[in-house]
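Position 20 (the sequence shown) corresponds to 20 in this note's numbering; numbering is contiguous. Right, one structure below, let's go through it.
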Amino acid sequence: MMNGVLSLVVVGTASNQAELVYIWKQATPEGKAVIACLVVFSVIAWSVMTSKALQMRRARRLNYYFNEEFRSQKSVLDLFDRKLQVEGCPLYEVYRVGCTQLDARLRGPGGERRRQRVSLKNMEHVKRAVENVVAQESLKLESGLIFLAIASGGAPFLGLLGTVWGVMSTFAGIAQQGSATMAAMAPGVSAALITTVAGLLVAIPSMFGYNWLVHNLRVFTVGLDNFAQELVSKMESEFLEEE
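And the structure:
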């Protein structure tokens with residue numbers, strides 16, 4: 001019984017492979033070109049999804065550890081004075097830029113930190129610098145998502161183009177031969193439809209991956225905004241001059 005089931009599975013797999021090979025051989029050069037383009041789209045889409053997922057996972061882990069360290073410090077400049085380096089951490093980049101701007105306004109001409117307070121105007125410069133780096137870090141995380149948007153939106157249309165072209169070529173060949181039998185139509189139509197299947201196989205994973213990455217990007221952006229506001233608030237409470 002088991003041997004019979006295994007035989008059916010092996011025969012079915014071989015049959016499916018033979019069908020795909022047969023359809024590929026029946027495809028027109030235009031259809032094969034469309035499928036080749038879709039394969040390139042698929043490789044790019046999966047590469048982007050994998051790299052962005054790993055990037056966001058690493059950023060999330062580094063943000064967690066840095067946030068724990070940030071909340072344990074007594075003064076807002078403690079980590080900055082310790083020359084802490086956390087490469088690839090978005091929260092650290094926001095903190096570093098903000099503290100660098102604040103530290104520059106607390107130091108005198110000789111480089112010594114002699115001021116204990118900064119004016120509201122100087123604090124506004126610090127705030128704008130922090131907001132700028134938040135935008136830059138968001139753009140870094142967002143880079144590459146355009147390829148997924150193109151793949152999810154363009155792949156079905158590219159596959160449809162290959163199908164329409166293949167069907168058109170099939171009917172043109174049948175008209176020239178003068179034979180409209182199923183045996184004459186089926187190979188060309190099946191070869192044309194495979195481009196639509198290929199387009200959907202590219203578009204569906206790209207769509208799910210794009211939506212998942214966009215959701216995580218929004219979460220990261222909100223987290224960066226909240227941290228930037230908290231950082232500026234602590235700076236103002238410690239170093240802003242009272243009017």
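We put the CB at the ideal spot given by N, CA and C, even for glycine. The model shown is predicted, which means the values in this text are computed figures rather than measured ones.
Spatial neighbours of residue i within its chain, please: CB distance less than 7 angstroms, with the 5 preceding and 5 following residues excluded, ordered by chain position.
i     : result
THR50 : none
ASP81 : none
If you compare alpha carbons, which of the options is closest to residue i?
i      : options                           : result
ALA53  : VAL222, ASN63 and LEU213          : LEU213
SER75  : CYS99, THR196 and VAL34           : CYS99
LEU91  : ALA135, PRO156, VAL40 and SER42   : ALA135
SER42  : TYR65, GLY159, GLU142 and LYS140  : GLY159
SER237 : LEU77, ILE194 and LEU62           : LEU77
LYS204 : THR195, PHE147, VAL34 and PRO156  : It is Ile, not Lys, that sits at residue 204 in the sequence shown. Ranking the options by Cα distance to ILE204, first place goes to PRO156.
VAL34  : LEU102, GLY173, MET235 and GLY154 : GLY154
GLU241 : ILE44, ALA151 and GLU124          : GLU124
LYS32  : ILE194, TRP46, ILE146 and ARG60   : ILE194
In angstroms with no decimal places, state the Cα-to-Cα distance between residue i and residue j.
i      : j      : result
MET261 : ALA149 : Look at the range of the chain in this structure, 1 to 243, and you will see that residue 261 is not part of it.
ARG58  : GLY88  : 8 angstroms
CYS37  : VAL86  : 40 angstroms
ALA198 : PHE220 : 33 angstroms
VAL68  : LEU120 : The sequence given here has Glu at residue 68, not Val. Roughly 29 angstroms separates the two Cα atoms.
GLY209 : ASN216 : 11 angstroms
MET56  : LEU141 : 7 angstroms
PHE171 : THR196 : 18 angstroms
ARG71  : TYR65  : 10 angstroms
SER233 : LEU200 : 49 angstroms
MET235 : GLN73  : 13 angstroms
PRO29  : LEU161 : 13 angstroms
ILE44  : LEU84  : 36 angstroms
ALA151 : LEU139 : 20 angstroms
LEU145 : GLN177 : 48 angstroms
ARG60  : ALA18  : 46 angstroms
VAL40  : ALA104 : 49 angstroms
TRP46  : ASN211 : 14 angstroms
VAL189 : ARG218 : 44 angstroms
VAL126 : VAL48  : 34 angstroms
Spatial neighbours of residue i within its chain, please: CB distance less than 6 angstroms, with the 5 preceding and 5 following residues excluded, ordered by chain position.
i      : result
VAL97  : ALA129 and VAL133
ALA192 : THR163, GLY166 and VAL167
For residue i, which residues of its own chain have a beta-carbon under 8 angstroms away from its beta-carbon, when the five flanking residues on both sides are left out?
i     : result
VAL94 : VAL130, VAL133, VAL134, GLU137, LEU224, PHE227, ALA228 and LEU231
Could you check where the alpha helix (DSSP H) with residue i kicks off and where it finishes?
i      : result
THR28  : Run containing THR28: none; DSSP gives neither H nor E here.
SER119 : Taken as a continuous stretch (DSSP letters only), SER119 belongs to no alpha helix (DSSP H), as it is neither H nor E.
GLU93  : 90 to 106
LEU79  : 78 to 81
Does the beta-carbon of residue i have 16 or more other beta-carbons within 10 angstroms, so that it is buried, or is it exposed?
i      : result
ASN63  : buried
VAL286 : Not covered by the structure: residue 286. The range shown for the chain is 1 to 243.
ASN122 : buried
LEU102 : buried
VAL10  : For VAL10, the pLDDT reaches just 33, beneath the cut-off of 50, and the residue's location in the model is therefore unreliable, although a value from the coordinates is still provided. Its Cβ having fewer than 16 others within 10 Å, VAL10 is exposed.
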